[in-house]
DNA sequence: CATGAATGAGGTTTCATTCAT
DNA sequence: TATGAATGAAACCTCATTCAT
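Chains as they are written, first to last, in the working numbering: chain A, 1 to 212; chain B, 1001 to 1212; chain C, 2001 to 2212; chain D, 3001 to 3212.
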């Protein structure tokens, strides 16, 4: 199952020396820039290397192939998002539902907007078949964090916590993607947190009421 | 902006004769199959032609280039979804909010699930930079239809109807994509309509209450 | 076992039209020329295509990869040698031992010298791991033909016919290769048939006497 | 002709110190292992260095380029074979023909089988255009040693001693290569010495009788 | 009109070799 | 002296597109 990703998509070597660290960081940055300017289809290892100011050979010292590079960049982005959401979720255990939602939405949107370019650039990468694993990984992390959080919500019971968390998660991720990806007016970006909150609070209240 | 799409992405000739219709249909079907089996990155005009049982030359008689073909396939899919949603929206003008949501969700999910393969295959295509136009087009249609519908909801006022419609729409599209694209368990597919309904009803009620 | 050769090394399509035939023949000829002038290590698909006066793309329409091309060229050469030897062997069933040897040696040497360049060029290719199969194939054909022939030799019995045929075969192939490949003086080329005959006749007589 | 080999293929420095000796030996061993496991086409200086446990840089301290390394490994192997055969030849001057053949065959086969891996691995290297020199060198040594030996054979005259030695040599080298290289059954390995003896004795007797 | 052979620019990847540390 | 990161030329191969038949 994980064959390809565990072998062919793994980075070749970790950058230990200072020089290497700089190189790898430059390659990451260049990848995102090219992704944004040329799109997912047009990105080439040569172009990434050029933009990063290194030779292709150097790029291939760290990543065995193009997919591995994209995978790594995506991975890092998703890890950060996962970290942020997890932390936020833990910080509002036992808080009222509205506070929970506010915290999660804020964390998620913040993580995405902080690196808006990265986020936008990577939606495209996340679509490739080879990249479902890390995306699913993030979903699992988020669902777990949210489940654990919701379980502590005072005075609320959810019939199917897993399902509710999944939908909560999808309600966060899906619309955000639609807005960042599509040609949404900048106004939407400002409204995004409020709308997501409304969406999620509305959903959770509706769900919790349903089972009384 | 629309330069490319208005010239280079247009089909070359409309298939009027019966034979042409069959050919075009075969090409469409082949495109979707290849998209599903080989992925968005691996699709080639030759492979599509082979699978469709025609020669590449013939394919190029109908579409000036690969993008135009993908564009056409995507366009058709999105048109159908748009039609379905529009019709549904019109049919529930003046109905209670819950009925509205039920109708829209049902229409949308039905349109997607009816052609599950097509839908799945095309998410990938929709990601290409050149394809934002038809995607945005669908969003506009949907928003318009939903706006018009919501405006007739009895006893409900929305402060910013455009914004609400937009979010409604995103709440429909986003999670659906996440579920069809990701490795969601089949169980989620069954629950999808109910969850979407809960999500949207929750949201709309929350929004409408906010302004009282 | 034959996985690679049965899939990855097979030609892509047979040249049916006249144009294709010319193309494929030109590619074959070019391959041999490059092999001779640049050596086995330096041969490139681009160089072959250039020399053949076609584009690389065309080359790849007929062969899925470089190995497959070399394989095909080698295969054709070996088939011809095999054919020649087989025919010769059949023509001297029941003849005296010396005549048998003369016929086989003549056939083998003739086949090699007729296409001296080809033969020289291909020894190098035959060394690649992927190419053992056709080489072994020729050995088997030759051994079989020789076995069948020797079995009809009047008044001679061999203790281990298979072994004797194998050695006979090796005595033919090995020294010929050594002479064509190495920097042997042209004089050796003239002497080759006589020496091979002497070698093989001597061997067979020695073997047949051994068991009396 | 010898331009390249006399300058570019020479080792850079002789390993005098103990440490260097160990390094060079490790590199040699690694080269042979890689040759066996990856084949002649896949061997790279980096892989050799890795396997040998040194850095590429170090490897290049001893050999100016890859060819020089392969050349050296081949050279050593061929020298050993040459030594063994020369010694054997000298030890049977004036002995009967059969004893001569037995001694030479035994020496040659022993030298090859003792380092079976090395022998197998290097056939491939010996094929490269740049490597004809040492191969020819071995042939010359062997022919000379055999010539000198045959000249002392009691009661036997060869019309063209050089030619006979050459063929003798080819009869030794050629079939051995065919058997070690090809997919010969292990049984053949055991039979090899006996068959070679029969081959060579048969040949020499046949040749010596011819001229009476 | 349909065909499919031919094209060749351009993408990915490797690897011999150098050189700053 | 040893190291191994960096280099970049050059190899392999693909595929959108054209055009003679």
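Glycine is no exception: its CB is placed at the ideal position from the N, C-alpha and C atoms.
Residue 132(A) and residue 1179(B) have their alpha carbons spaced roughly 12 Å apart.
Restricted to the region 1121 to 1165 of chain B, the alpha helix (DSSP H) segments that are unbroken, complete and at least 4 residues in length are 1132 to 1150, listed in chain order. Neighbourhood of residue 3084(D) in chain C, by CB distance below 9 Å: empty, with the nearest CB roughly 19 Å away.
Look at residue 2128(C): its C-beta is under 8 Å from a C-beta on chain D. In its chain, beyond the 5 residues on either side, 1073, 1117, 1118, 1121, 1122 have a beta carbon closer than 8 Å to the beta carbon of residue 1032(B). Taken atom to atom, the span from the alpha-carbon of residue 2055(C) to that of residue 2049(C) is near 6 Å. Around residue 2075(C), no beta-carbon contact reaches into chain D at under 9 Å, the shortest distance being about 16 Å. When 3203(D), 3182(D), 3191(D), 3151(D) are compared, the shortest CA-CA separation from residue 3170(D) is found for 3203(D).
Rounded to the nearest angstrom, the Cβ distance from residue 2182(C) to residue 3174(D) is 10 Å, too far for a contact under 8 Å.
A check of alpha carbon separations from residue 2126(C) across 2143(C), 2196(C), 2035(C) identifies 2035(C) as the nearest. Against residue 3205(D), the close residues of chain C are 2202, 2205, 2206, in the order they occur along the chain (beta-carbon pairs closer than 9 Å).
When Cβ-Cβ separations below 8 Å define contact, residue 3175(D) makes contact with chain C.
Put simply, the backbone Cα of residue 1021(B) is about 43 Å away from that of residue 9(A). DSSP, read as helix, strand or coil, puts residue 2044(C) in coil.
In its chain, beyond the 5 residues on either side, 3012 have a beta carbon closer than 6 Å to the beta carbon of residue 3064(D). Residue 3075(D) and residue 3137(D) have their C-alpha atoms spaced approximately 9 Å apart.
Counting only Cβ-Cβ distances below 9 Å, residue 191(A) has contacts in chain B at 1160, 1163, 1166, 1167, in chain order. Secondary structure at residue 1063(B): coil, using DSSP grouped into helix, strand and coil.
Pairwise C-beta distances place the region 184 to 201 of chain A in contact with the region 98 to 108 of chain A, as three or more of them are shorter than 8 Å. Taking CB atoms only, residue 2198(C) has a neighbour in chain D less than 8 Å away. Shown here, residue 3184(D) sits in coil according to DSSP, grouped into three states, outside any helix or strand. In chain order, 3166 make up the part of chain D whose C-beta sits under 7 Å from the C-beta of residue 2188(C). DSSP places residue 2055(C) in no alpha helix (DSSP H); its state is neither H nor E.
Between residue 158(A) and residue 208(A) the beta-carbon gap is near 6 Å, inside 8 Å, which marks them as a contact. Its Cα nearest to that of residue 2080(C), the residue 2107(C) stands out among 2148(C), 2107(C), 2037(C), 2129(C). Around the C-beta of residue 2155(C), fewer than 16 other C-beta atoms lie within 10 Å, and the residue is accordingly described as exposed. Take the alpha-carbon of residue 1109(B) and the one of residue 109(A): they are about 27 Å apart. The beta-carbon of residue 155(A) is placed no less than 8 Å from the nearest beta-carbon of chain B. Counting only Cβ-Cβ distances below 7 Å, residue 2041(C) has contacts in chain D at 3128, in chain order. The straight-line gap separating the alpha-carbon atoms of residue 2044(C) and residue 2128(C) is approximately 15 Å.
For residue 112(A), the enclosing alpha helix (DSSP H) has its first and last residue at 97 to 114. Among the CB atoms of chain B, none fall inside 8 Å of the CB of residue 34(A). Within 10 angstroms of the beta-carbon of residue 185(A) lie fewer than 16 other beta-carbons, which makes it exposed. The residue among 28(A), 161(A), 86(A) with its C-alpha nearest the C-alpha of residue 111(A) is 86(A). Its chain contains 2089, 2090, 2092, 2093, 2100, 2104 as the residues whose beta carbon lies nearer than 8 Å to that of residue 2149(C), once the 5 sequence neighbours on both sides are disregarded; these appear in chain order.
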